[in-house]
Structure formats: structure tokens, C-alpha cells
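Here's the structure we're looking at; comments come further down.
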Amino acid sequence: MQQQRTERPDWGHALLVLFFAGLTAFYLHDAWQASGRVRNLILILPASILSFILCAVVMVGIIRHRGSEPDAAGPEPGAPFLERYKPAVTMAVFGLYVFSLPTLGFDGGTAVFMAAMLALDGVRNPLMLIGLPVAFAGAVTLMFEWLLPYPMPLLIL
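Residue numbers (the working numbering): 21 to 177.
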């Protein structure tokens, strides 16, 4: 006689997603109680909505893929250095980005960081390695200058 296998959702991941959704709801409620003006909620409300949507999508994925076998635990022992230590290298590059902001400014530091991360991810197209980071850093810097009431360290803009 064959035993019937019951497939259950991954409750650990589901609880973590619910924790993130609850934390988002708490932060949004707290910000809304402090001031319901548009200027106060212009970044918080869209980010909260995006967070709730992402939590819902992840919850659907957790429920739909219940009982499936987990993926392999990590890269093979003979894998190249970058493949094995990519998370650590990414954290180190992000640390360099943060420490470079006073020197390179927000615009320059963001462009260099984005170009480095694209190169680390394997992008080799020069237009993507130069054009995209410069355009993105410029757009984000101009938006932050428009939204934030205090000056930011800048290199060019």
C-alpha cells in the first residue's frame, strides 16, 4: 500500500513574507499618521504598494510550488572564484560605493557602481556599460535633487 504524500507550503518563507508585509504596513501607517501630505508620502506610498504587490506575488509562488524539491545548495566546488564569491564581491563593491560618495559625489559614485555591477554580471556591451549607468545616475540624481530639501555631494550635476 502506497502512502499518500501531503504537499504543504513552505511555512518559513511564508512567515518571512508576512513579516515583511506587516513591517511595510506598520511603516506606512506610521508615516501616514505623522503627516498625510503628498510631500511626506511621495516615496513611501508607491514603495509600500510595490512591496505589497511583491509580497503577494511571492506568496502565490510559495503556495503554487509547495512540495517541490529545493534547488542545489550552491555552486560546485570547482566553480570559478567569481561564481563562488559573487555575493561577497557584490557587498564589497557596494561598500566601496558608499565610501566613495563623499569623493565622487552621488552622481559619479552611482554611475561607477552601476557600471561595476553590470561588468560583474557579465555585461560586455560598451553602450550598456557606459551609457546606461550615466543616464540612470543622472536621472536619479536630478530626481533626488528635486525631491530632497538638502544638498547632496555631486561630481558633475
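Quick reminder that beta carbons are idealized off the backbone N, C-alpha and C, glycines included.
If residue i and residue j are in contact, beta carbons under 8 Å, what's the gap, nearest whole angstrom?
i           : j           : result
residue 167 : residue 62  : 7 Å
residue 161 : residue 119 : Not confirmed; about 18 Å, so no contact.
residue 128 : residue 176 : 7 Å
Using the rule of at least 16 other Cβ atoms within 10 Å of the residue's Cβ for burial, across every protein chain shown, is residue i buried or exposed?
i           : result
residue 77  : exposed
residue 37  : buried
residue 55  : exposed
residue 124 : buried
Do residue j and residue i count as a contact pair if the criterion is CB distance below 8 Å?
i           : j           : result
residue 156 : residue 134 : yes
residue 121 : residue 173 : yes
residue 64  : residue 48  : yes
residue 154 : residue 131 : yes
residue 147 : residue 138 : no
residue 75  : residue 40  : yes
residue 113 : residue 99  : no
residue 79  : residue 34  : yes
Which of helix, strand or coil does DSSP assign to residue i?
i           : result
residue 134 : helix
residue 60  : helix
residue 99  : coil
residue 55  : coil
residue 73  : helix
Can you confirm whether residue i, when its beta carbon is compared against all beta carbons of chain B, has any partner nearer than 8 Å?
i           : result
residue 133 : No chain B appears in the structure shown, which is made up of a single protein chain.
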